[in-house]
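Written below as structure tokens is the structure these notes are about.
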Amino acid sequence: MYLPITIWVIFTALLTTALILRSKWKLNNPDYAEIAAKKYIEKKRASRDRRKYDNGRQPDRRKRFRTQI
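Per our numbering, numbering of the sequence shown is gapless, rising by one per residue and ending at 92.
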């Protein structure tokens with residue numbers, strides 16, 4: 024009767040442990056941190072280049088959504 028619940032609890036505990044260990048590894052791994060920083064900077068640069076400023080103002084957000092449809 025309790026077998027499905029037990030399996031679910033063990034599965035969830037293993038998944039949580041794996042995610043915690045993975046995040047700790049990412050934080051402590053200098054190579055990963057460098058790659059993540061480069062990706063972040065590149066993403067910011069791309070979004071800045073994509074954005075069009077009209078005399079220092081951001082474009083109207085409604086226009087942006089209208090053009091996406």
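Quick reminder that beta carbons are idealized off the backbone N, C-alpha and C, glycines included.
Quick caveat: nothing in here was measured; it's all calculated off a predicted structure.
Helix, strand or coil at D77 [DSSP, three-state]
Here residue 77 is taken as the residue at index 54 of the sequence shown, counted from 1. Interpretation of D77 is limited by its pLDDT of 48, a score under 50 that renders its predicted location unreliable; no figure is taken from the coordinates.
Since I believe K49 is in contact with Y55 (beta carbons under 8 Å), could you give me their beta-carbon distance rounded to a whole number of angstroms?
Translated into positions along the sequence shown, residue 55 becomes position 32. Translated into positions along the sequence shown, residue 49 becomes position 26. Confirmed, about 5 Å.
Got a sec, what are the start and stop residues for the alpha helix (DSSP H) N52 sits in?
Position 29 of the sequence shown, counting from 1, holds the residue named residue 52. Note, N52: premise wrong, no alpha helix (DSSP H); not H, not E.
May I have the straight-line CA-CA distance separating S70 from R45, to the nearest angstrom?
As a working mapping, residue 70 is identified with position 47 in the sequence shown. As a working mapping, residue 45 is identified with position 22 in the sequence shown. So the alpha carbons of these two residues sit roughly 28 Å apart.
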